[in-house]
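Residue numbers (our numbering), protein chains in the order written: chain A, 74 to 727; chain B, 74 to 727; chain C, 74 to 727.
Heads up, the beta-carbon is just placed ideally off N, CA and C, and yes, glycines get one too.
Just so it is clear, the structure is predicted and the values come from calculations on it, not from any experiment.
Here's the structure, in structure tokens; my notes come after.
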């Protein structure tokens, strides 16, 4: 999937630095100071126009680009590049006034009205027509503008409206289904509609999974998740077609919200030239940097390790949690370098100047309400100076031995209702990722059907939906000498959410040398004793009756109704080894297990023996040591000893 | 209310055994194995066609019964009887497509769409017309089929759609009210509409209790609960009329969901030939068997002790809780025998073969995903073998000395809003039933207006709505020498939810020899000291100012604002004794009280002195000892000593 | 704002006593007993007809006042005065039947149906037309009735329907906005619509803040709160105009629900002749009397200390909480005297006779279900006798040295979403008021723009929205020698919810001698050490980076990321002193701070050195000592020692 970035690295020449720039919120008098302060802060790239639609098209079909011309001219003059937005993220109020049917609806029929943002139905032909016209005008007008470095299509697709259930969306869903299944008989088979008298006689009868008396058909729900992701992807494709026609050499991107299940990013990533990501770790959460690290590994892996753009982060606090903690002194710098170390080629913020009014006025900005004489602006300018000298990092890629497997389709299916227990895909992921992070094992996060030949160890935290091809890919990985760790409730259903019969684990039975006879979910608050290799641990959430069909039983339940039964197996298969875990261990147990699996597979950490909370990442011939602790730590590296202050960053050759 | 079962016991000849059989989910190749495995498992009765509508009527008015003919023929050939469903439980998607007005609506106007099941308005004439046509076709076609043993009307009425608030339902509600009240003046009086300016000038103005600015009129709510139960009962009557016309000698039933307040089962029970019940105790709840026991006593008592059919239970786990625990080895057998001991003449499961897809694919089945070589199928077959030899139990009835009083109308009224405290009818019931269960006292659960002459002790956990006739019935019971225990917030209102004035307890004042001057509900987490006979206990939830008008005060509040006041009274009245309790004691306190009341009344347990967790039930000349503990217990019975294993069952003559 | 009460004090001649009288709920036979018992209970004033509409106008335009004539005649004959309701609080069901568009809608579109009360859209011209006609008929008919003492307009405006979001309301909102802003450009500026592409091209595009994909525009929300309060105030003005025309000399009032943010009572108070208040402290809450005390200080201050009417309270328990505790013996009397001491000229109840049916039948009444032979009626009659001799208290006003500042606009704005932390205006108020209450400091609660010259100390618990005039008023207060205490998140935005730039505290920076550089909200459960003057305390919820610009730092954070930074400052300014607190201290910390601030300002308590839980209030030349403890306390006063029983009241000259 890796392609070149259409010249973006060459154009930027360094790790880009900047943020969303919304000068329309301010009188033009302020704009000169903006540019002056940007230069002072080392800004090289800004995103402009994201919410500009209502200003550039104040009335349907009447355009006023004058102010935006001046913004871009100012930037060009100052030598600052622009990621120019297509402005379609939020239609002006006149669209809903003229065409109320463009408003999205929830599953229960509630209309989502204007007054915030993103109030449009993604399937609406009226929205699409207006958006296309707007993008055409923008593409035409700015195709040759010297500030233009990158097209920024839409903004945070699916952030607030994850799906629309209106009648227009229903018709579009039916078209999508007709495309997928061909005939209604095939849909009936895939959806198991003989259950609960759901057989459809014609596509005309099919609906989105609107509020129903009880659990809606799970395959209907799964297909609607696919459709909703694809429908928003159509919007991106529609805009891209306009932009490519006008500017075949300008790269396009769209920025994604923090790790979420709404969009199948594997499908999205192939449609852009570079992936952009918005990262908002919660400073009140002491493990926020681990989830951030996971998300950066996910994002970087979407295009095979190609660098990505950190398109948004907060300079200090956000404003949309119940209590919004600040990034303490040094923490914004640390987390920015974390992104760079994990593959970002840009470090950008929402937003340049803190709004005086509106719904995000208490979201921090590079220039805060108190002005440039402030901690935040000083830290912003300090980081800007550091990033100016990063040319050698640009467009470099990692080489990791471990891959975790993530599949959005399986995520959607896993979190459907009416399962043996309510499971959470991200929880499952973090349970497996955290020990790897703590041990400073470099990880990629890949689609399960991707080429695994470069990896020594593949970890499958939970892959409920496992297609036959997927299982074959994992099996082949082990056969060829790779190592594999699979956790419970994997290999359960096919792409239609239909169970692989004859013993759970289905198509993974062969490689794992085991199957599962029964699931025994644990009650909330219940735990079960588990021996794992040589240590006594406790499992929560889940247990199950594992039948070893050749695998070695290396862990057993030690109490409860399954006492004595297998909890962890290890199967030598082909030239490799496949592990299977039938419960969720606590943090210590997961660490003990992962340490052993990693050791077994011959994978080495980036740096061994670091103190807790110190992340080591290799990029572009350097090793970044990131101290996520509040206090300083002493680190022995390369024969010497380095003291890294709290929230400090140390860069070594390596 | 007891009638004969229209020959069903003779036809079945034993405790029937089987489950829901939905072969339409599988290719016909599988059907032969189904019948073979059924024989292996000792299956004698299956329910067929419950969700068959969309298949037998793929388009409006076009019927295709071929596949269903073959299913019934296969069963007949194998000597397996069929409870043939009327298939009306869930209309096909085409009904909503053609007639969107058949979709039900919630109180807030939300439409409940197709995609799950039960998506029809029970008042819809269109639904009724289609359902009637379907039932006529089925009745006509299968009237003489040799497999037909029983008609299974609808399925779990009111499970997901407890009431519909749409305009069609509103019109039907008005008709129902016109029938009940005759004139609008009578409705205004009953509903106390002079309060809050609610007077209706005409029936046309009346609505269901849709979402309102605050508490809707309570009598409107109560009548709507009556209407909703009656409306669904009309559906049953409608289908029954068709079936009776075609097959006057075939019994009819409908299966009810676990103990719920939606339907007034006292009214429903008289319309069927045999009551059917679906039982889903939660294996994660260590007291699940007590609630199950209570529900079986309720269900058996609906038709005066006549045996009932356990129409559904799970062979192992269900799939609709957040965490679904398994029935551990032996537990399914134990709980099945519990139902038989408490009067079931059938033990059946949902469902025969575990679905590959759809919303219940993780609900366990007699033949699980792993196939017949499984714990579940082995336990199923084992129980089947045991049940084959149960002819002597069939159609036998208990003879209990204790009755608890349950009235759905009072349940509805009790749980309305705007009361002194939020009370829960089932909690109140369990608080009184559990000590009786623990002491192995055989209980019936009867309507308060029923003939009480056969009972020594009547327990009224909470009868907020008490009609004058009801009070007279209870009073007469004591006058004639019976014992009575009434707990707080009983005797409060009449059938229109209007307070019996002049001192609470109203029409129960005479028999109880006391009245209540004021309710003093306790705060959440608050408790109050109570002396109960000779023990010091704590009360929660409620206290009150009881004025003894002749009753002896045998318990007092010992702290708080009511310290020194009566908490428990005992009144000798006529030839009997009436107790009254003005608080909710903890488990120990309730046990102490019930032990004393039972002793006082001269009632004996089935077996005395059993270890905790061992249930003793007498049926058909045997005593069933059911060990609900995980571990084994030693029991001294009939001069000997028996060891009953965990989850074990011991059957004695008795 | 103080005006005379249009002769009401002279007419009543004493602290009025009575309650809501709804005889229409009862047969006329009961009415004679009503009047007899009222005389027995010392009743002098009753509210009549509040929910009479459906009875006096049974069909549109057909009026039947006969029964109401008889009610008023009976009262007049007995010498009991009447607050005659305009009966518009709840329209009859026929209104919604004829005009469904009069029903209100929630933000998500849910219709609020009839069946409870208040089911009308306040902007509905149809409702207004019908209401006006009704009020005209009532005014005309009873203008000269001898029982008429006071017009009772509407009832509890905004209690259940705080705002309506329907299309009619939307149109009215647009008219209101046009009036407020003149042009759409001004609205766009005020609402900061350049953010998120929200620019309106015309007023026609503007909507209420209906359910949106995410946070609706905050100024839209704020203006909608203003509009909703103003719209209901229009209803009051509409009725008042009719009444004034018919009876220029009869005072008008409307009763307000317990301290709530729905209505801007500063705007409402100037429209009535006397303010009426409904008070429902929760007997289960041991601090309920403190919130009650605060609310009475608020209500009394609305018209500059002019006496107010306690229009409703419960004689014993209410019925709308989950668990409704009783007022214990003496508690109703105590809380009634508390209201009188804090300025009430009437003590009234909801309601006279406890309903037999309907949604409030379990709400206590002066004559309970058990009848007059009851604790409640005896306590009611006892208090009635006491209140008969209170002529000298009538129409007297307090003279307090301390004012707290409350502004409904700031309350609305503070509790909008998307803030640094979720804050609660009443919590902030109670945190500052409770220490003052405990120290028996007499307080008023005033609008921040009111004349502060009479106060030594002004306390600003939280004034997020601070207009420039407001800041000037507070600044001038200190300049002239007053003391001021301001707590965090004050002075943040202007009337359009736009931030005062250049350092938080904005226009309060000068008087406080400090500004805030950054907010550091604390996580839920987190606390931070704070030195306050000489004591070590803990702060929760909030901390911040305070920069002293001349103020003395008298408290510092002692741990966390701000350790060493200012937490409390004291600024000598002009002839006065201004304190600023940057966190929320616990109860002890707030007490230590307030004690010091009070001492500093030279303010004295009503009575010093009272035991905890004893409230001292001065009114009309007396000092009321109110013992809110369950047990008795010994008090040393005026050289002697008085024992006040639990829930007792002692009145001293003073």
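At the C-beta level, residue 156 of chain C and residue 117 of chain C stay beyond 7 angstroms of one another.
Listed along chain B, no residue sits closer than 8 angstroms to residue 601 of chain A by beta-carbon distance, the nearest being about 12 angstroms off. For residue 223 of chain A, the enclosing beta strand (DSSP E) starts and ends at 221-225.
In this structure, the CA atom of residue 660 of chain B is about 22 angstroms from the CA atom of residue 556 of chain B.
In this chain, the beta strand (DSSP E) harbouring residue 688 of chain C covers 687-692. In the DSSP annotation of this structure, the continuous segment of the alpha helix (DSSP H) that includes residue 139 of chain A starts and ends at 139-151. Annotation: the continuous beta strand (DSSP E) that includes residue 615 of chain B extends over 615-621. No Cβ-Cβ contact shorter than 7 angstroms links residue 471 of chain B with residue 79 of chain B. Counting only runs of 4 or more residues that sit fully inside the segment 490-555 of chain A, the alpha helix (DSSP H) segments are 498-511, 541-552, in chain order. For residue 430 of chain B, a Cβ of chain A is located within less than 7 angstroms of the residue's own Cβ. Residue-level contact check: residue 246 of chain B does not touch chain C, since none of the beta carbons of chain C fall below 7 angstroms from its beta carbon. For residue 510 of chain C, the CB contacts under 6 angstroms within the same chain, skipping 5 residues up- and downstream, are 363, 366 in chain order.
Taking 7 angstroms as the cut-off, the Cβ atoms of residue 410 of chain A and residue 679 of chain A do not count as close. Residues of chain B with a Cβ closer than 7 angstroms to the Cβ of residue 254 of chain A do not exist, since the nearest Cβ in that chain sits about 14 angstroms away. Checking the DSSP bridge columns, you'll see residue 725 of chain A partnered with A/696. Residue 724 of chain A and residue 502 of chain A have their C-alpha atoms spaced approximately 29 angstroms apart. Residue-level contact by beta carbon fails for residue 613 of chain A and chain B, as no gap is shorter than 7 angstroms. In chain order, 585, 586, 624, 651 place their CB closer than 6 angstroms to the CB of residue 644 of chain C, counting only its own chain and leaving out the 5 sequence neighbours on each side. Contact check for residue 158 of chain B against residue 108 of chain B fails: the beta carbons are separated by 7 angstroms or more.
Here residue 638 of chain C is buried. Its C-beta has 16 or more other C-beta atoms within 10 Å.
Residue 443 of chain C reaches chain B at 575, 576, 590, counting residues in chain order whose Cβ is nearer than 7 angstroms.
Interface criterion not met: the Cβ of residue 502 of chain C is under 7 angstroms from no Cβ in chain B. Secondary-structure assignment with DSSP links residue 92 of chain B through a beta bridge to B/119, B/422.
Taking the beta carbon of residue 386 of chain A as reference, no residue of chain C falls within 9 angstroms; the closest one sits roughly 17 angstroms away. For the C-beta of residue 456 of chain B, not a single chain A residue is nearer than 9 angstroms; the gap to the nearest is close to 17 angstroms. For residue 701 of chain B, there are no neighbours in chain A by C-beta distance under 8 angstroms, as the nearest C-beta there is about 15 angstroms away.
Residue contact check for residue 188 of chain B against chain A: a CB pair falls below 7 angstroms. In the DSSP assignment, residue 292 of chain B falls within the alpha helix (DSSP H) that extends over 291-319. In this structure residue 617 of chain C is buried. Its beta-carbon is surrounded by 16 or more other beta-carbon atoms within 10 angstroms. Contact of residue 572 of chain C with chain A by beta-carbon distance below 9 angstroms involves 427, 428, 429, 430, 434, 435, 442.
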